[in-house]
Amino acid sequence: MKFAVVVFPGSNCDHDAYHAAKHVLGQEAEFVWHKDTDLRGADVVILPGGFSYGDYLRTGAIARYSPVMQAVAAFSATGGPVLGICNGFQVLLEAGLLEGAMLRNARLKFNCEHVHLRVEQTTTPFTARCAPGSVLRIPVAHGEGNYFADPVTLQRLEANGQVIFRYCTAAGEIADAANPNGSLHNIAGICNATRNVVGLMPHPERACETALGSADGLVMFESAIDYVTAGARA
Amino acid sequence: MTLTIDAALLDRHGLTAEEYERIVTAMGRTPNLTELGIYSVMWSEHCSYKSSKIHLKTLPTTGPRVVQGPGENAGAVDIGDGLAAVFKIESHNHPSFIEPYQGAATGVGGIIRDIFTMGARPIALLNSLRFGEPDTPLTRRIVSGVVSGIAGYGNSIGIPTIGGEVMFDDCYAGNPLVNVLCLGVAHVSEIVKGRADGVGNPVYYVGAKTGRDGIHGATMASAEFDESSSEKRPAVQVGDPFMEKLLLEACLEVMKNDALVGIQDMGAAGLTCSTSEMGARAGTGVEIDTALVPQRETGMTPYEIMLSESQERMLLVVTLGREHEIEAIFEKWDLHAVRIGTVIEEPILRVRHHGELVAEIPNGSLVDEAPLYDRPTQLPAYLGEAQSLDIASLGVPPAPVAALDALLASPNIASKRWIYRQYDHMVRTNTLTLPDAGTPCVRVKGTPRAVAMSVDGNGRYCYLDPREGARAAVAEAARNVACAGARPIGATNNLNFANPQRPEIMWQFVESVRGIGDACRALGIPITGGNVSLYNETEGRGIYPTPVLGVVGLIDDASRTVGGVIREAGLDVILLGTPAGDLGGSEYLRVMHGLVRGRPPRVDLDRERALCALLADAAHDGVVHAAQDASDGGLAIAMAECTFATGIGVDIDLPAPNQAHDAFLTLRALFGETAGVALVVAAHNGTGAVLARANDLGVPARVIGRTGGERLRLRVNGQVAIDEPVARCAATWRGALEARLGVA
Amino acid sequence: MKVRVFVTLKPSVFDPQGRAIVEALHSMGYGGVGDVRQGKYFELEIDAPSADAASALAAEVADRMLANPVIEGYRLEVEGAR
Amino acid sequence: MKVRVFVTLKPSVFDPQGRAIVEALHSMGYGGVGDVRQGKYFELEIDAPSADAASALAAEVADRMLANPVIEGYRLEVEGAR
Ligand SMILES: Nc1ncnc2c1ncn2[C@@H]1O[C@H](COP(=O)(O)OP(=O)(O)O)[C@@H](O)[C@H]1O
Ligand SMILES: [Mg+2]
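Residue numbers (my numbering), protein chains in the order written: chain A, 1 to 234; chain B, 1001 to 1744; chain C, 2001 to 2082; chain D, 3001 to 3082.
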């Protein structure tokens, strides 16, 4: 099975996602340039972290107009699994493939550290292998990860089980103190209504090897592999 | 425009009358204004190293691993598998005072360009910072701006800032120091040089457009230019990390194509420096037309274009006839390479503007024949008094716990988490040792190896004894990488000093360079590059002499990388080396008694060398659980820092230093600062192996206690001196910097 | 023609930057400043035959790129035109 | 009273954000947009007896906090007052 890692100008975690897919998990992986218009037969598409277009204007605001995004939208419309990590999540929000928007971190500073995430839903291609309610230790590294949606949208996301990850304490408690950026309802990641597009601010690709401090992110990639190989995609 | 070259004009260009005479002799005629400007930047201290060069030549720069010594954009050492570590340190001190965010950001951008210009993929950044005491609004503004600037640039471009050091002292209040080290990895066979070979080859410009940024002529009377540009030109350069990211990727791709002949970034002195240096290295010349240079502002003169220090620009020489190959790669990245000139046979820099000749200067006179000064030195008057320390005059010794608390809360020792969490220290997924968990290390993907790095320098020590202080800086950096299990293989240095035209400052400089040379020779660490930053002084008040050493070490087996965190109870703690227990120049003396006095710890380089070898060997054998050297705050602080991450405590017994018994004996044992000493927590069943190795290498070693419990219990000669909950100490240490900066 | 675009967060969206500025100002003794909202300001140089055309083009650009309708609103001013 | 503060980079200072936006607009087909400069926009709610007093206070705040005098300039508008 094949992962496509989209490269926007300014993406900088593209190699990390590629490394995780290809070298840690031993899957096929290929970079897709933002000007490309097809996804080269990929089974899973990753929009990686970084600073596409320098994050100038707003995070993800310019990248969403890259030609490749039409292919990503088409891929997701047919149920293809898409994972947006950090800046990739921001691009998905700007592109309207996920709902909501990002604000500056409440503390107004870029913040890089390991955090804990509670897996709220296992009914997505990227969390199927997780134990419900399990806690993952994964790094964040962003300046604008303060998730916002208007109250109506937020309520709908919650009601539909579209909130996939929340920041929590090591013990799995959802607490203000565990929220690294001020995001509403401690939201760290969400999915779309059809559940095949997932975005999250933390970096699972940075947590795939114990030598780097945690391998808790592996389960997300393994879930995607299961999803594709089991032909779960309708 | 008729030009009268008078004293005022020369002064504005920072040139002396004698230097001007030299220019006239070199050219065989009087220069025009553009030519004078070109000389002024090339002969500036920053580009020519005119006050420092004769001293820098004494540093050891060779060794079996050296692939590239000083002289290129960065140095390089062999790390095996056909790869080289390419690294250098650079300062952006003055710009960071003027505009902290942009000053620091563009400093990061500049050193990154130096690395990828060599054909290396940058994989790590470190920084060494000095600020005034963190309580004033000015210093707080500078700290916050500098840290966000470093973060803003490094995070965006996607190179992890994996470590560094920060010290606060009043002497830096008006002269903060911002030194940034970048390390990259290149194939030895693909290291690119900044040479303009091949007469007739086209010369290309790529990157950001040129504006009036950083032109030293900002102070020039506007009458000398067209009147329209009378607005006072800000000398501040604004960084564009996005542009640099595109340049980085595009240039690394271009370098894989052999149509590329040479490449150099435009750093200080911009187009002037890159054109003349590339010609000089190849024994050719470069001719350009400034009208072809992409410009951001209207009405720019050739003078301004040649002297602009706009960021994120590169100069390339390409094989004639294969231009389209290079142009196509840049186009892919939405960068437009523009041909601005040609390599010529005469070894000169020839500048035209719309075809009209505006400057013609022999390269040699710009690059190699700048004046060199052996400036007079003089023993500083302050020294005798400052070096004398009468312990008896310190009064009643404080309780050890009070001193511990005060030291843990000192901004020089307290956790730097508020700083490092603003830096992305994990991007590129190579970071093996996170901040506060030991010496920064990155693995080298595709090999079994890792590289450890440390930047160190202690201005207090150097103020009290520059030679000894500089030796200590080298020793500390080497010891730090050895603690990670690495063998030091190369070093770079940033020499931050006040005005060298003051003989006392020049003395500090010369002594420091000698100290670095002593230590690097003795430890077998070649210096492959560096940077000199002089005139760090405001209103006659200079900084402490602050040489900062960056040492790079190699770990053959990345899985054997050692950190500084105790993760297990019941392990033996081993003291390596013999603590001297001196208080001279110590953080203890500064914090508890408000004094910067005495003699800094003396470095025994032979012992240091043995200690480094022992630390690396033992790590390689897999018998080390954690290692930590004792620096600021002595053994007590070193031990305490190992306990904070996990909360696992220790119970150790420190030897009283071998000295006359005085009231400060216990404090000396705890907080005295000593070179050549480290604490090692042996791996399970590893104690015997560590002790045996130590014995072989002649390093004094003894088990002084064990890990376990939740208390920090420190005895001196058997007597309990400190017995505190780790959690309480950790809380003090964690919150102190934020509190002092008023950001809590 | 020059068009100015002011992008502001919607009133219902919390503005962490604005709040930080107010707090800093209060601690500096500027109690008279009750509230601060931070937004973005753009100056667009537009080549268009009329102020209306310039304004229409600017609006399109603002809708598509300069403002994110989930959190922001915007206002335009064409230089000279009132 | 509401005071608007527009902070812009000094004309000679490079604006990387503006450049990136223009280039993106061009590649989207908006050739009519010749140049974009990005600045900051603040709305201050000020408690002051007169427009002049509000404007004076806003200027002080802008000088001390909202604008970085090394690279930026600013302009004020007091709501209603013209
Ligand atoms: N300017 C900085 N940039 C990044 N990391 C820093 C900086 N200053 C300190 N650190 C990190 O904070 C930790 C503590 O610094 P320091 O007390 O100097 O460590 P040590 O005494 O072990 O050399 C280290 O991990 C160091 O790399
Ligand atoms: Mg240190």
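We treat Cβ as the ideally placed atom computed from N, Cα and C, and that holds for glycine.
Original post:
For Gly-79 (chain A), which residues does DSSP report across the bridge?
Top reply: BP columns for Gly-79 (chain A) are empty, so no partner.
Original post:
From Arg-1233 (chain B) to Leu-1741 (chain B), what distance separates their C-alpha atoms?
Top reply: Residue placement at Arg-1233 (chain B) is flagged as unreliable, the pLDDT there being 49, under the threshold of 50; the coordinate-derived value follows with that caveat. So the two alpha carbons sit approximately 33 Å from each other.
Original post:
Between the C-alpha atoms of Val-2005 (chain C) and Ala-2051 (chain C), what's the straight-line distance to the nearest angstrom?
Top reply: 14 Å
Original post:
Of all the options C:Glu-2045, C:Tyr-2074 and C:Glu-2023, which has the alpha carbon lying nearest to the alpha carbon of Met-3065 (chain D)?
Top reply: C:Glu-2023
**OP:** Verify the CB distance criterion: does Arg-2075 (chain C) have a CB-CB separation below 9 Å to chain A?
**Re:** no
**OP:** Please name the residue or residues paired with Arg-1339 (chain B) in a DSSP beta bridge.
**Re:** B:Tyr-1204
Original post:
Of the choices B:Val-1726, B:Leu-1083 and B:Tyr-1588, whose alpha-carbon is the least far from that of Gly-1634 (chain B)?
Top reply: B:Tyr-1588
Original post:
In this structure, does DSSP put Glu-1224 (chain B) in helix, strand or coil?
Top reply: Legend: pLDDT at Glu-1224 (chain B) = 36, less than 50; position of this residue unreliable, value from coordinates given subsequently. Reduced to three states, the DSSP call for Glu-1224 (chain B) is helix.
Original post:
What residue does the beta strand (DSSP E) around Ala-1721 (chain B) start on, and which one ends it?
Top reply: 1719-1725
Original post:
What is the DSSP secondary structure of Pro-1435 (chain B), counted as helix, strand or coil?
Top reply: coil
Original post:
By the criterion of Cβ-Cβ separation under 7 Å, what are the contact partners of Gly-100 (chain A) in chain C?
Top reply: Against Gly-100 (chain A), the close residues of chain C are Val-2070, in the order they occur along the chain (beta-carbon pairs closer than 7 Å).
**OP:** State yes or no: is the beta carbon of Val-1236 (chain B) nearer than 9 Å to at least one beta carbon in chain D?
**Re:** yes
Original post:
Quick one: which chain B residues come within Cβ less than 7 Å of Tyr-56 (chain A)?
Top reply: Scanning chain B for C-beta atoms nearer than 7 Å to the C-beta of Tyr-56 (chain A) yields Phe-1242, reported in chain order.
Subject >> Nearest-angstrom Cβ-Cβ length linking Leu-117 (chain A) and Ala-188 (chain A), presumed shorter than 8 Å >> reply: 5 Å
Subject >> Trp-1750 (chain B) versus Gly-1585 (chain B): straight-line alpha-carbon distance, rounded >> reply: This structure cannot speak to residue 1750 (chain B), because chain B is shown only from 1001 to 1744.
Original post:
So does the region 212-230 of chain A actually touch the region 18-34 of chain A, counting three or more Cβ pairs closer than 8 Å?
Top reply: Result yes; three or more Cβ-Cβ pairs closer than 8 Å.
**OP:** Helix, strand or coil for Asp-16 (chain A), going by three-state DSSP, please let me know.
**Re:** helix
**OP:** In angstroms with no decimal places, state the Cα-to-Cα distance between Leu-3076 (chain D) and Val-2003 (chain C).
**Re:** 18 Å
Original post:
Residues in its own chain within less than 8 Å of Ile-2071 (chain C) by CB, not counting five upstream and five downstream?
Top reply: Leu-2009, Lys-2010 and Val-2013
Original post:
Which chain C residues sit within Cβ distance under 8 Å of Val-3078 (chain D)?
Top reply: Neighbours of Val-3078 (chain D) on chain C: none; closest Cβ ~14 Å, over 8 Å.
Original post:
Who are the Cβ neighbours of Glu-1133 (chain B) in its own chain at under 6 Å, not counting the five residues just before and after it?
Top reply: The residues are Phe-1168 and Asp-1170.
Subject >> Residues of its chain near Ile-1054 (chain B), where Cβ-Cβ distance is below 7 Å and the 5 sequence neighbours each way are ignored >> reply: Leu-1372 and Asp-1374
**OP:** Would you identify the three-state DSSP class for Lys-1232 (chain B), choosing helix, strand or coil?
**Re:** Confidence in Lys-1232 (chain B) is poor, its pLDDT being 44 and thus under 50, which makes the residue's placement unreliable; the coordinate value appears in the next sentence. DSSP places Lys-1232 (chain B) in coil when its eight states are reduced to three.
Subject >> For Ala-1074 (chain B) and Ala-159 (chain A), the rounded distance between their alpha carbons >> reply: 57 Å
**OP:** With a cut-off of 8 Å on the beta carbons, I'd call Gly-1164 (chain B) and Ser-1189 (chain B) a contact; round off their distance for me.
**Re:** In this structure, Gly-1164 (chain B) and Ser-1189 (chain B) do not form a Cβ contact; the two beta carbons are roughly 32 Å apart against a cut-off of 8 Å.
Original post:
Arg-3064 (chain D) CB to nearest chain C CB: under 9 Å?
Top reply: yes
Original post:
Taking any Cβ of chain A, which residues in the region 1414-1427 of chain B have a Cβ under 7 Å from it, in chain order?
Top reply: Arg-1421, Gln-1422, Tyr-1423, Asp-1424, His-1425, Met-1426 and Val-1427
Original post:
Beta-carbon of Asp-2014 (chain C) versus every beta-carbon of chain D: anything under 9 Å?
Top reply: The question names Asp, but residue 2014 (chain C) in the sequence shown is Phe. Answer no: the Cβ-Cβ gap between Phe-2014 (chain C) and chain D never drops below 9 Å.
Original post:
Can Gly-1364 (chain B) and Val-1286 (chain B) be called in contact, C-beta distance under 9 Å?
Top reply: no
**OP:** Starting from Ser-1156 (chain B), trace the alpha helix (DSSP H) both ways and give me its first and last residue.
**Re:** 1137-1157
Subject >> Members of the region 3031-3054 of chain D that neighbour chain C once the beta carbon cut-off is set at 7 Å >> reply: Listed by position along the chain: Gly-3032, Val-3033, Gly-3034, Asp-3035, Val-3036, Arg-3037, Gln-3038, Gly-3039, Lys-3040, Tyr-3041, Phe-3042, Glu-3043, Leu-3044, Glu-3045, Ile-3046, Asp-3047 and Ala-3048.
Subject >> For Gln-90 (chain A) and Phe-75 (chain A), the rounded distance between their alpha carbons >> reply: 18 Å
**OP:** Please confirm whether Asn-186 (chain A) and Ile-174 (chain A) have their CB atoms less than 9 Å apart.
**Re:** Yes, the Cβ-Cβ distance between Asn-186 (chain A) and Ile-174 (chain A) is below 9 Å.
**OP:** Would you mind sorting Ile-1038 (chain B) into buried or exposed? The rule is 16 or more other CB atoms within 10 Å of its CB.
**Re:** buried
**OP:** Pull up the CB-CB distance for Thr-1546 (chain B) and Arg-1130 (chain B), whole angstroms please, since I reckon it's below 8 Å.
**Re:** Right, their Cβ atoms sit about 6 Å apart.
Original post:
Since Ala-1525 (chain B) contacts Val-1551 (chain B) with CB under 8 Å, what's their CB separation in whole angstroms?
Top reply: One detail in the question is off: residue 1525 (chain B) reads as Ile in this sequence, not Ala. Between Val-1551 (chain B) and Ile-1525 (chain B) the Cβ distance is about 6 Å, and since that is below 8 Å, they are a contact.
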